[in-house]
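Undergrad: Chains as they are written, first to last, in the working numbering: chain B, 1 to 239; chain X, 1001 to 1261; chain Y, 2001 to 2382; chain F, 3001 to 3297; chain D, 4001 to 4321.
Quick reminder that beta carbons are idealized off the backbone N, C-alpha and C, glycines included.
Please read these numbers as outputs of a predicted model, since none were measured by experiment.
#1: Could you please give the first and the last residue of the uninterrupted alpha helix (DSSP H) stretch that includes residue 4276 of chain D?
#2: Quick check on DSSP: helix, strand or coil for residue 2022 of chain Y?
#3: If I measure Cβ to Cβ from residue 4125 of chain D and keep anything under 7 Å in the same chain, skipping five residues before and after, which residues do I get?
#4: From the DSSP output, which residues share a beta bridge with residue 1145 of chain X?
#5: Just to confirm, is the Cβ distance from residue 2043 of chain Y to residue 3119 of chain F under 8 Å?
#6: Which residue from F:3237, F:3192, F:3051 puts its Cα closest to that of residue 3305 of chain F?
#7: Taking the Cβ atom as the reference point for each residue, do residue 2350 of chain Y and residue 2145 of chain Y lie within a distance shorter than 8 Å?
#8: Please list the segments of the alpha helix (DSSP H) lying wholly inside the segment 1119-1143 of chain X, counting only runs of 4 or more residues, in order along the chain.
#9: On the three-state DSSP scale, how would you describe residue 3212 of chain F?
#10: Do the segment 3166-3186 of chain F and the segment 3040-3060 of chain F make contact, defined as three or more Cβ pairs closer than 8 Å?
#11: Between which two residues does the alpha helix (DSSP H) holding residue 1089 of chain X run?
#12: Determine the chain F residues that contact residue 48 of chain B at a beta-carbon separation under 9 Å, and present them in chain order.
#13: So which of F:3103, F:3148, F:3279 has the shortest CA-CA distance to residue 4246 of chain D?
#14: Determine which residues of the segment 1148-1160 of chain X have a Cβ less than 7 Å from any Cβ of chain D, and write them out in chain order.
#15: With distances taken from CA atoms, which of B:117, B:105, B:158, B:148 is nearest residue 3165 of chain F?
#16: Based on Cα-Cα distance, which residue from Y:2201, Y:2315, Y:2272, Y:2321 lies nearest to residue 2364 of chain Y?
#17: Does residue 2273 of chain Y come out as helix, strand or coil in the three-state DSSP assignment?
#18: Roughly how many whole angstroms lie between the Cα atoms of residue 1216 of chain X and residue 4105 of chain D?
#19: Using the beta-carbon count (16 or more within 10 Å), is residue 1205 of chain X buried or exposed?
#20: Name, please, each residue of chain F whose Cβ falls closer than 9 Å to the Cβ of residue 2220 of chain Y.
#21: Is the shortest distance between the beta-carbon of residue 2117 of chain Y and the beta-carbons of chain D less than 8 Å?
#22: Please confirm whether residue 3048 of chain F and residue 3065 of chain F have their CB atoms less than 8 Å apart.
#23: For chain B, find out if any of its Cβ atoms is closer than 8 Å to the Cβ of residue 1215 of chain X; answer yes or no.
#24: Report yes or no: is there a C-beta of chain D within less than 8 Å of the C-beta of residue 3274 of chain F?
#25: So is residue 67 of chain B buried or exposed if we call it buried at 16+ other beta carbons inside 10 Å?
#26: Just the C-alpha distance for residue 1113 of chain X and residue 2138 of chain Y, rounded to the nearest angstrom, thanks.
#27: Have a look at the DSSP bridge pairing and note the partners of residue 55 of chain B.
#28: Going by the CB atoms, is the gap between residue 145 of chain B and residue 124 of chain B shorter than 8 Å?
#29: By the 10 Å Cβ neighbour count, where 16 or more other Cβ atoms means buried, how is residue 3039 of chain F classified, buried or exposed?
#30: How about residue 46 of chain B and residue 7 of chain B: do their beta carbons lie closer than 8 Å?
#31: Determine the direct distance from the alpha carbon of residue 3086 of chain F to that of residue 2022 of chain Y, and round the result to whole angstroms.
#32: Check this for me: beta carbons of residue 1014 of chain X and residue 1024 of chain X, under 8 Å apart or not?
#33: Would residue 2369 of chain Y and residue 2269 of chain Y be called neighbours here (beta carbons separated by less than 8 Å)?
#34: What alpha helix (DSSP H) runs, 4 residues minimum, are completely inside the segment 3178-3230 of chain F?
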């Protein structure tokens, strides 16, 4: 579904990604593990069309998407749940969700949108209770859910999550990950999960990659990675 | 372990709220003179907030902070470095409008005194002072193994060098306490090794190092003392060994088991 | 070092360009004109420029002055002192003109006076302020009537009509404040009491606040001293407030366009002006009639734009200069003397009689009191 | 004229001038929100609106009802072209560079207007007559009522636009968080272009409706732009309601100080009061704390 | 030797010598006069460059300081008959005192709010010039300001004044180059990029911002003093917001982050209108087009232009002053 070959990204003159290649198959949950500043977010931004200078190829459903504008990439079916949530804080929950439908919104498909809204509220009941509240006044966990829900509103084929666990209490993280698994079971949505918290990420994924200083240093099936010494040592805190 | 004269920095019952969020909650800690002390904890645990409190960028809602027995939480941010505290930032705050040596020279600000008029006239004293600043900057660049690139612009050198420049700037102030906020972020293994080396050498010249870092290996290797924060609270405190075996720390920070607790 | 070089390069390019300037080609009398062709006073400066160029063409069409063609150099001051100073210096030093007409505004004229005095070049200003010729400066003349005479005529007319309490409105411009000063100075002479003295910014869009204040006084008339478009707005605002006392304007009202802009609110406005604006109602016996008709016809046919008194000032200035050139030729001191000795010159502004002590040469009789009647200027009392 | 009715008259005058400032300030805010730029050519949009309407009505003899809207639309088009040719090519330029470009554009618009229409002041006939309406001893022109109504209408229309249409929501979203807007698939570039068009449109409308009472000439825009900028800043940049309130407040301050204190110092009085407010509330008078905070979350 | 050639002193000396040689080439009072105004503008924009380009604080009120300097010396010498030697320090002193007092609350503001506040203060000063008629002559202005006499030489022609003005330009340039290459200069640059970080290095940011604001107002007052005794006539129009905006534009066109940029921008924008006189009525249009083109093609300013253009020699790497 997504196929990345020798992707390089520069910020100023610094090479933030040094020739990254990876692929994601339809219906998979793939995870990308790496520390702070290892290039995870850069990679995601490059896929979503938000990075300034990139070279290489990124094929999505066999179509080159590198260099396309973010608005087109969203329309093609890639939706990003960004790091730090990136909500429209002074707007209501409802407005945030409706903006998620921007890529296909028209007067004609109002029905579809309202049913999609209902579906989102079913998935995240807490958002349904807070429709009219400003997004900035939500708690961290609720904001993260809203961010995911907003991404889902655009009818994505591939959902990319950038560190959804950051700064949240373990209990809420657990809740969010349970929802993700539920989502996967119900819709067979393809997901690309980027995490610093390797334990969590490896729990839900089927395959994974490890990135360090802008390079993929390891890849493999879930079990392979979980038993890899390097991963154990660096990311799971076990000797 | 709170043994008076040995303590260079002490925080007592410090609380800081942002709106509804309690970033630092009733936190007390001591940093021993000449030690390498690490602060670890998950994202959002309040580590950077703590650094900002120490360097005076924000003021605590309650509680006090002492440096060498002097109360510093009421001081303006620019007064803090004169006492002997300097710091680096998590997101690399170097000055792209200056070349590298000038960046390091800004670190000497507290050790120089020329005002705008004497600098303008460049009288003998100001010229000598400028000369001294440059010499000292060169000295510290050499100390940090980045000599010879002073005339370069920051964007001409790799990210890791920029980080070193920032640390050099902090060290050039010849502080008694240096705060390093995630110095290893974005560095690869070799670079991290060099960093460890550097931190040791900073400590060798008598500077106390307080460090926030995610790289657990680095922390375990270099720290004399580790403080673990979670949700603004201190949950553990001790040597690397003590902390590593602390159940609570394993649960919260090392990402294991907390789902089942 | 390269930076220094860079700046020097620009400067040298500049100097090179200055050396490239046209060298003398053929014999001609060069005269300069500095007007506010753009900027806030451009509605004054443009007709002045047009008029000057028109006369130069006329003179050259008739074979020039004593066979020597006239060559005009026009500069734009934008109504700004610094630019005017540069322009006058350029005319004197680069273009080597014999005399200069302008500038448009009093402030710019005051700023360039030291230069022309030092360079000993005659200047005939088209600006109103009395300070230009009082004290008399050797090389400086002016053709517009004096503010003082305008105030004289306004107060005189008021006195004749039994008005003794007036409200003064003026714009915070050189013209406005000079007029305000004259009105204050002369009030006692005419037994006038100034019951309100209000000012406004030259670009303000609404003066109802000031006028409301005036409405609260027992003023019998309002005098407004400013230039367009404020004059039209004052008239409109007075009408809006239902004020019925008469509105007097300064000689700055001298363009029929303002009447159009003010619409019906302009009806009944009384103001002093040269006879140019009411050519049709000037009796044939008036010595100015011929000149006025000539200028009006020429200007309006050439520029398809109604004449204004401002262009008239340039007309007078240019012809006076042409006469002086006829007598003195290319001799600055001769030109100056000859202007100073001009007597009985019939211009659009009046009949000029210059002397050693009077470099304006017009008296109060140069003004006619006009009134707006059915959208036209009519001589008051006719 | 009784003092009470004088006071009322000052109030009405203040509201009249203030409404014009408010309209200009709204224009400033729309562009500010989408780009962070203070568009110093905003006043010239007003001038162009008036001038073009005068051209269509007085020169081409179009009826007033046609000239006005045509003029406003042409100004909107000018705004869009300006954005495409002068702002858009400089994606990564600093804000100050872009502001300087708007200064240059302002010079250009002035120069163009002077070149096309000369330097005279023009007027349009009032929309519904010149007969003043009397009201408790004070008077108000029908055109003033037009101005106030247009202001109210524009404010209402903008509220609906930003609250109930997708494009409006998307524009608002861009102003709050460009990155997030990008992520949900909003083409931020188009929104910027649209904001220039919209603010030019509002400027153009302002120009058309004020010309009958305040006349229009090629330099008219500078002062209006300045006052509008003041209103936008004092209202809290980006805050529409604040802009309207601050605009009217500035108008009232000017009118009261002209009437009650000194007409010569009226602008100074207004400025001093507003500066004092600014020193105590550095985010503008009407900066709403919580929204401000949420913005910088 | 190389080192000696690149000190602030020698750079300033080059500028001065270059200017004097230029004057000798030009030898036309009109062109020399323009270069005198250019010198005055450069004095102001150097100060503005320190404030805007280095410390990152915008000021739309520089014309007001320029005006206070000019009016003070003008009023003192004409109305009170004081000698220029007395009015000179007083005019500078008064201006920097005003700058100091208004700088304290104003510099707490940021970005557009700071721009608005300085603009408003500038306008207030402008209104005061208009309204204090007994002192300033109001909108009509006042003249007969005496010429400067220095070492017994009366500066009564453009050439003498040129040398005087450009000597002061050289001094101002020398002082400013010294500042930017000192701890204070680095602190200013630090404030520009990261005010908070600067404070953690020990920079008292609010005090330093105020200092540089006051210094730049002092430079503006210096230019005002020179203006008053050159033109010998003052009226408020010269000190309007339009001039403040022009000054900011000059700095931005040249390249904000460098003092040489201010020199280049000021030179271009001062000379350009004089060249454009050739185009008569089109000049404002062409001026606008040129200005907009410069900004679009060189958004970072003319300084350091890379192509070996017809105006500028190629900039050499490593020459970072």
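TA: This is what the structure holds:
#1: 4259-4276
#2: At residue 2022 of chain Y the pLDDT is 48, less than 50, meaning the model places this residue with poor confidence and gives no usable figure here.
#3: 4064, 4067, 4068
#4: For residue 1145 of chain X, which the question treats as bridged, DSSP gives no partner whatsoever.
#5: yes
#6: With chain F running from 3001 to 3297 in the structure shown, residue 3305 of chain F is simply not present.
#7: yes
#8: 1124-1143
#9: helix
#10: no
#11: Residue 1089 of chain X -> no alpha helix (DSSP H), and no H or E assigned at all.
#12: 3182, 3183
#13: F:3103
#14: 1151
#15: B:105
#16: Y:2272
#17: strand
#18: 47 Å
#19: exposed
#20: Simply none; closest approach about 15 Å.
#21: no
#22: no
#23: yes
#24: yes
#25: exposed
#26: 60 Å
#27: B:8
#28: yes
#29: buried
#30: yes
#31: Reliability of the predicted coordinates at residue 2022 of chain Y is poor, the pLDDT of 48 falling under 50, and no value is obtained from them.
#32: yes
#33: no
#34: 3178-3183, 3188-3214
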